Structure formats: C-alpha cells, structure tokens
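Residue numbers (our numbering): 57 to 143.
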C-alpha cells in the first residue's frame, strides 16, 4: 500500500510540473506575440509601450506560478489529497 502512495505522489508531482510547463510555454508564446506587435510600422509610441508592458506582464506571471508549484508540492507530500480521498 505504501508503494502505491509513493507512485501516486510521483504522478501528481509530474502532472503539476507539466501543468506549469504548459502554462509557461503559453505565456512565452503570448509574450513573443505581444512583443512582435511593437515592430508594426507607424505604430504610435503609446501602442509600442502598451505592447511591451503586456509582453513583460505575460512573462512576469510565470514567477507566481512557480510559487504555486512549490505549495502544490507541499500539498502532495503532506498527503492532503490521500487523506481527503478516504472520505
């Protein structure tokens, strides 16, 4: 029984990491798309600034996601889902 718990925890950790990686890839793609809008000829200065800010914000959202991943690992290691599954 203990072995299956460890395997479940490892699977949940892998799934959590995959979710964060998928989120990070989408954020990077969105950031590149926003940054590429800055190169449109004749774009006003405020438009360029807006696109750059959006690109930076997209990348900045990856940092809180890493903190969420850390807390998710603590939940998985603490066995909260396993304990809740008993009810």
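Virtual Cβ for every residue (Gly too), placed ideally from N, Cα, C. Just so you know, these numbers come straight off a predicted model, no measurement behind them.
Cα-Cα separation, residue i to residue j
i: residue 117; j: residue 82; result: 11 Å
i: residue 70; j: residue 108; result: 33 Å
i: residue 78; j: residue 100; result: 33 Å
i: residue 97; j: residue 84; result: 23 Å
i: residue 128; j: residue 80; result: 16 Å
Rounded distance between the beta-carbons of residue j and residue i, thought under 8 Å
i: residue 90; j: residue 105; result: So it is not a contact: roughly 12 Å between Cβ atoms.
Beta-carbon proximity check, residue i vs residue j, cutoff 8 Å
i: residue 65; j: residue 131; result: no
i: residue 125; j: residue 63; result: no
Minimum length 4: unbroken alpha helix (DSSP H) runs contained in the stretch 58-88: none
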